[in-house]
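So the structure is just underneath, and the comments pick up after that.
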Amino acid sequence: MIYPSIRVLSIAIACILPLAGISVSRAQAAGPFDQFPIAVACEYKGLYQIFYLTRLEADGVATYVNPSKLAGTISVGGTAKALGEPIGGSCLGKTLEELRASGQILDLKH
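Just so you know, we're using the numbering used here here: the sequence shown kicks off at -17 and counts up by one.
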């Protein structure tokens, strides 16, 4: 299930990127970033937060950060892990496929 606020946020991001002069074309999206979503929505104790892709390391580990400075990592074949204090939440321990299946992934493709 995609939560209404997530849907609104994804539409807002899609509308803002062209205005900011940022374009995502097929040529630019090809490569290592093609396997990772632009953002992930997680819930912890009734609070929903969006984590944005901020870094992709050479070893294939992607780092996501939210505005509250909470962060986590995930790789294509691994599971989501919290950086710093492991606080729990709806993303931890899930693979990218599980996050997609639960509607927690925000992609800008298509």
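For each residue, glycine too, the CB sits at the ideal point set by N, CA and C. Small disclaimer: the values here were computed from a predicted structure and weren't measured.
CA-CA distance, residue i and residue j?
| i | j | result |
| --- | --- | --- |
| G59 | L38 | 14 Å |
| F18 | K27 | 26 Å |
| F98 | D41 | One cannot answer for residue 98 here, as it falls past the ends of the chain, which runs -17 to 92. |
Exposed or buried, which one is residue i when buried takes at least 16 other CB atoms within 10 Å?
| i | result |
| --- | --- |
| L88 | buried |
| A83 | exposed |
Quick check: residue i and residue j, are their CB atoms within less than 8 Å of each other?
| i | j | result |
| --- | --- | --- |
| S57 | V47 | no |
| T61 | K76 | yes |
Which residues does DSSP list as the beta-bridge partners of residue i?
| i | result |
| --- | --- |
| Q31 | C24 |
| R82 | Per DSSP, none; premise fails for R82. |
| L38 | A44 |
List the endpoints of the continuous beta strand (DSSP E) containing residue i.
| i | result |
| --- | --- |
| L65 | 63 to 65 |
| S72 | No beta strand (DSSP E) contains S72, which DSSP labels as neither H nor E. |
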